[in-house]
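Enquirer: Each residue of the sequence shown is one higher than the one before, starting from 1 at the first, in full-length UniProt numbering.
The beta-carbon is built from N, C-alpha and C at its ideal position, and this holds for glycine as well.
All figures in this text were calculated on a predicted structure; none of them were measured in a lab.
What follows is a single structure, and I will ask about it in a moment.
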Amino acid sequence: MSQVKENDTVKVHYTGKLADGQVFDSSVERGEPIEFTMGQGQLIPGFEKGLIDMKVNEKKTVNISKKEAYGEPREELIQEVQKSQLPEEIKPEVGMGLVSKSPDGQEMNLVVKDVKEDTIVVDGNHPLAGKDLVFDLEVVEIK
Numbered sequence: 001m002s003q004v005k006e007n008d009t010v011k012v013h014y015t016g017k018l019a020d021g022q023v024f025d026s027s028v029e030r031g032e033p034i035e036f037t038m039g040q041g042q043l044i045p046g047f048e049k050g051l052i053d054m055k056v057n058e059k060k061t062v063n064i065s066k067k068e069a070y071g072e073p074r075e076e077l078i079q080e081v082q083k084s085q086l087p088e089e090i091k092p093e094v095g096m097g098l099v100s101k102s103p104d105g106q107e108m109n110l111v112v113k114d115v116k117e118d119t120i121v122v123d124g125n126h127p128l129a130g131k132d133l134v135f136d137l138e139v140v141e142i143k
């Protein structure tokens, strides 16, 4: 029976949880496994490492440290922005998601962390940066 190795295309069901057990994402609930090719950097390193040598229908739980997940939050991704730079129709609130476009057209997701009188503080870090993660994995298919 084959086992998952580098460059295999695999279909995987997963449930991602924080260390306290709170589920943040699950392919099981969506009913569709994810499909991707190993070794192309599409997923966090710890997720792919956890799949190596697994067989079809095998289930496993992997603990992924923050450095093998989304890393530590980076201070340079937290910025204070003048409210005047926002489109007029946007009324910023803490927790609100915004999208910023760089001059080269690249989009960056931001979350409003603080609203002050003339400015807002936005955070461009991945929401799971700085967190250790737990994934329940099940290999559905190896191509």
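#1: Kindly indicate which three-state DSSP category E89 falls into: helix, strand or coil?
#2: Taking only the alpha-carbon atoms, compute the straight-line gap between D136 and S27 and give it to the nearest angstrom.
#3: Are there 16 or more other CB atoms within 10 angstroms of the CB of F47, so buried, or fewer, so exposed?
#4: Around the C-beta of L133, are 16 or more other C-beta atoms found within 10 angstroms, so that it is buried, or is it exposed?
#5: Among the candidates E6, K59, R30, V112, whose CA atom is the shortest distance from the CA of E138?
#6: Less than 6 Å between C-beta atoms, sequence neighbours within five positions excluded: which residues of the same chain meet that for P45?
#7: Tell me, please, which residues DSSP counts as bridged to N63.
Expert: On the basis of the coordinates in this document:
#1: coil
#2: 10 Å
#3: buried
#4: buried
#5: K59
#6: E68
#7: V134
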